Structure formats: C-alpha cells, structure tokens
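Going by numbering that gives the first Met the number 0, the sequence shown runs without a break in its numbering and finishes at 233.
Yeah, the Cβ is synthetic: ideal placement off N, Cα and C, and Gly gets one too.
Values in this document were obtained by computation on a predicted structure and should not be read as measured data.
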Amino acid sequence: MRLQKFLADCGVASRRKSEELISSGRVKVNGKTVTKMGFKVEPETDSVCVDGKNIALERHKVYILLNKPKGYVTTVREQFNRKKVVDLINVPYRIFPVGRLDYNTSGFLILTNDGELTYKLTHPKFEVPKVYVAKIRGIPSRDKLNSFESGLKVENYVTAPAKIRVLKKLGKDCLVEITIQEGKNHQIRKMCDAIGHPVLELERIKMGKINIGDLEVGNWRYLTEQEVKYLKQL
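This is the structure we're talking about:
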C-alpha cells in the first residue's frame with residue numbers, strides 16, 4: 000500500500016495532507032525517514048511513525064457532521080494556538096476534516112478517519128456540489144449574477160460554472176445562495192469580490208444531498224448509514 004494512502008487509512012490526515020507530511024520529512028518507516036511519494040509499506044508488518052508516534056490502520060470508520068462555528072481552523076495541527084474543529088468533538092478516534100472551511104466561515108463540515116472517502120469528496124474530478132448562504136455587500140445586478148455563474152477570472156485561474164441566486168434583500172445588502180463544485184482557497188469570498196459585492200458573512204449549509212438541517216452551531220452528530228452510503232456512491 001502506498002504510504003500516503005496508509006496514513007490516510009490510519010486517520011492521520013487526508014491523502015493530500017499525508018503527502019505533505021511525507022515530503023516534509025515527518026514520517027518514518029522502520030526507523031528511516033521516507034520522503035518519496037511512491038514508497039510502499041506492508042500494513043501488517045512495517046512500523047510507521049509520524050512525528051515520533053507509532054500509527055496503525057484504524058479498522059473502525061467514523062463519519063461526523065459538525066456545524067462549525069466561526070473562529071475555528073479546519074486543521075488537526077495549529078501552530079498559532081487557534082481553536083481547532085477537532086477540539087469540538089470527543090471521540091476515541093483520530094479524525095480529520097474533509098476539506099476546509101475558512102476561519103471566519105461557519106456551517107457544514109464532515110470529519111472522518113476514512114481516507115478514501117475524503118479523497119473522493121475533495122478531489123475536483125468528482126464535482127460534489129457544495130451550497131453556501133452568504134450575506135454580501137450591496138445587491139448584484141442580473142449581469143453580475145450571470146458573470147458569476149459563467150466563470151470568473153480570480154487570480155491565476157477561471158472558476159468553474161457556479162450557481163447564485165438572491166434569497167432576500169437586507170436594506171442595502173442581501174442574502175444569496177451559492178453552489179460551487181470546486182473548493183479553492185477562499186474561493187467564494189474571492190468570487191464575490193470579483194463582482195464587487197464582498198462577503199460579510201458566510202455559511203455552508205449542504206454537501207450533495209446532505210443538509211446541515213437544525214444542527215446547532217458548535218454541535219455535531221454521526222452521519223446516518225444512508226448518508227454514508229450516499230457519499231460513498233458519489
């Protein structure tokens with residue numbers, strides 16, 4: 000088994016983050032530091048350590064939905080001593096967030112120790128739709144909404160087609176619902192900036208067909224068997 004997949008299956012981090020752990024020299028196999036991505040391990044016999052701690056395959060998979068509050072980071076390690084989403088969940092398993100939500104963004108976040116599912120939900124080729132509600136400055140014109148949906152030049156890339164609709168006017172500002180299938184860093188905030196209507200508040204409410212529902216901010220629940228099955232079939 001490839002080392003990065005083994006780390007993900009052990010619940011250490013997503014496959015992508017596991018590759019970063021390897022490349023930064025934080026992983027040892029049988030006492031030797033490994034930085035090669037294609038390196039393969041024998042799960043039953045090889046000794047694997049991350050930051051000096053032995054790890055092993057996590058046989059019991061857990062799937063958790065958290066309503067993330069603002070002011071938490073979606074990382075397992077935090078160098079600036081900020082609050083982490085994993086601190087909100089008390090389970091006897093090593094879990095990690097599926098994808099990211101910005102520090103000042105709230106809402107729908109899945110955490111798991113299933114590396115394969117994390118890969119599927121975060122890789123762009125699977126195009127899992129994510130729905131957000133945003134309070135934005137001003138009220139965009141139909142032309143600006145059309146340009147948002149067609150794709151915008153943001154820094155060095157053009158965004159994929161998206162959906163946006165005005166839900167409610169709030170004086171000079173408004174609430175909009177936004178659906179994207181990408182997940183680039185600060186993407187929605189950058190897209191709204193690009194049409195001249197910066198985000199004031201942002202919440203993710205849905206991934207695929209799974210809604211945050213009435214789960215209160217800061218609370219979490221296990222995904223149902225039906226929800227897990229649905230995500231694995233995407």
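Item	Value
Residue range of the unbroken alpha helix (DSSP H) whose run includes Arg141	Arg141 to Ser149
Contacts around Thr73, its chain only, beta-carbon distance under 6 Å, and the 5 residues preceding and following it disregarded	Val84, Pro96, Arg99 and Leu100
Straight-line Cα distance separating Cys48 from Val34	The sequence given here places Thr at residue 34; Val does not occur at that position. Going from the Cα of Thr34 to the Cα of Cys48 covers about 13 Å.
Same chain, Cβ closer than 7 Å to Pro160, neighbours up to 5 away in sequence not counted	Glu148, Ser149 and Gly150
Val165 (DSSP reduced to helix, strand or coil)	strand
Limits of the beta strand (DSSP E) - the one that Gly114 falls within	Looking at the DSSP string, Gly114 is not in any beta strand (DSSP E); the run it does join, the alpha helix (DSSP H), is Gly114 to Thr121.
3 or more residues per run - each beta strand (DSSP E) lying fully within the stretch 48-84	52-54 and 62-67
Inter-residue spacing [alpha-carbon to alpha-carbon] between Arg58 and Gly10	10 Å
Cα-Cα separation between Lys129 and Asn66, rounded to whole angstroms	14 Å
Buried/exposed call for Ser23, threshold 16 Cβ in 10 Å	exposed
Assumed close pair Lys88, Ile54 - CB separation to whole angstroms, cut-off 8 Å	Per the sequence shown, the amino acid found at residue 88 is Ile instead of Lys. That belief does not hold up - the Cβ atoms of Ile88 and Ile54 are roughly 19 Å apart, past 8 Å.
Which residues DSSP lists as bridging Asp172, in chain order	Leu169
CA-to-CA distance, Ser13 to Pro42, given in whole angstroms	17 Å
Extent of the continuous beta strand (DSSP E) to which Val227 belongs	Note, Val227: premise wrong, no beta strand (DSSP E); alpha helix (DSSP H) at Glu224 to Gln232.
Rounded distance between the beta-carbons of Val132 and Ala193, thought under 8 Å	Actually they are not in contact, since the Cβ atoms of Ala193 and Val132 sit about 19 Å apart, beyond 8 Å.
Supposed contact pair Leu166 and Val175 - C-beta distance, whole angstroms, cut 8 Å	6 Å
Own chain, CB closer than 6 Å to Gly118, minus 5 neighbours either side, in chain order	Residue 118 is actually Tyr in this sequence, not Gly. Closer than 6 Å at the Cβ level, and outside the excluded window around Tyr118, lie Arg14.
Exposure of Thr111, with buried meaning 16 or more beta-carbon neighbours within 10 Å	buried
N-terminal and C-terminal residue of the alpha helix (DSSP H) that Ser105 is part of	No alpha helix (DSSP H) holds Ser105; the beta strand (DSSP E) holding it covers Ser105 to Thr111.
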